[in-house]
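Residue numbers (UniProt numbering): 1 to 88.
Below: one structure, written as C-alpha cells.
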C-alpha cells in the first residue's frame, strides 16, 4: 500500500475535483479496497471541511471516472478493479 498525501487543495483547483482526486488516490494506494463501502457523503463533508453538495459533486465525478458505484438503499462502494487497456 502506498502513502496517500494529506488533503491540500491548490488555489487554482476546483474543490470537488480535489476531493475526487484525493479519494481516487486513497483507492490507488489500497487504503480503500474494491467493494469497500465509502463513508456517507455528509460525514465526508465534515471530514473534508466542505459543504455537503461539494462532496456530492465529487462523488458524481468519481462515478463518471468509474472509480465508485452507488447502490440505492445500500451506499456508495469502491468499484471493482478495471483491467488496464489491452488486458482481457
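Heads up, the beta-carbon is just placed ideally off N, CA and C, and yes, glycines get one too.
Leaving aside the five residues that flank residue 16 on each side, the residues in its chain whose CB is nearer than 7 Å to its CB run, in chain order, 54, 57, 58 and 61.
In this structure, DSSP gives residue 69 an extended state, which the three-state scheme calls strand.
Distance from the CA of residue 20 to the CA of residue 36, rounded to the nearest whole angstrom, comes to 16 Å. In the DSSP secondary-structure assignment, residue 37 is bridged to 77.
By the criterion of a C-beta distance shorter than 8 Å, residue 10 is surrounded in its chain by 18, once the five residues flanking it on both sides are discounted. DSSP places residue 20 inside the alpha helix (DSSP H), whose first and last residues are 15 to 28.
Residue 23 is classed as buried because its beta carbon has at least 16 other beta carbons within 10 Å across all chains shown.
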